[in-house]
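Just so we're aligned, residue 31 is where the sequence shown starts under this note's numbering, counting upward by one.
Idealized CB from N, CA, C, for every residue including glycine.
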Amino acid sequence: MAKVQSPRWLEPLVRKCIALMGVDNYAITVQWVAPEELEETHNFPASGDCQADAQYLQALIRLSNDLTRENARHTIPHELSHVRHANVERLIESLWKAKPRPRWSQVKQIIHDEFEKIAQADAELVKKVLR
């Protein structure tokens with residue numbers, strides 16, 4: 031499959047969102063990927079995803095190459111919220127592992143669901159600022 035060039039508006043929008051959300055201390059890589067690649071990872075259609083490492087201050091954000099500029103104004107802040115809150119997730123995980131408990135998978139899912147709520151709220155806030 032041929033690689034699709036990211037649109038000219040993407041990089042300035044990402045830079046602005048990074049500055050607005052205060053995650054410019056992270057080394058953030060953004061990839062423009064086929065929607066099928068995201069769907070294969072998540073087993074459902076997704077506009078983007080993020081892998082953030084709070085220990086090394088690095089993040090990889092993958093955005094669907096069919097993302098419109100308007101939708102990107104929500105998706106980019108949403109994915110950057112995962113970066114912004116990665117340190118909290120790392121702390122919770124390290125505390126959990128320090129005291130082994132049963133059913134970690136359930137606890138991890140609860141934590142993930144809570145971060146999705148936070149990410150959605152953060153994305154809506156930033157989307158308003160970008161208007």
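Inter-segment contact for the region 90 to 107 and the region 39 to 50 is present: three or more beta-carbon pairs are separated by less than 8 Å. DSSP, read as helix, strand or coil, puts LEU110 in helix.
When DSSP states are grouped into helix, strand and coil, VAL63 belongs to the strand group.
Membership of GLN150 in the alpha helix (DSSP H) is indicated by the continuous run 134 to 160. For VAL63, the CB contacts under 8 Å within the same chain, skipping 5 residues up- and downstream, are ARG92, LEU93, SER94, ASN95 in chain order. Using a 10 angstroms sphere on the CB of PRO107, the tally of other CB atoms reaches 16 or more, which defines it as buried.
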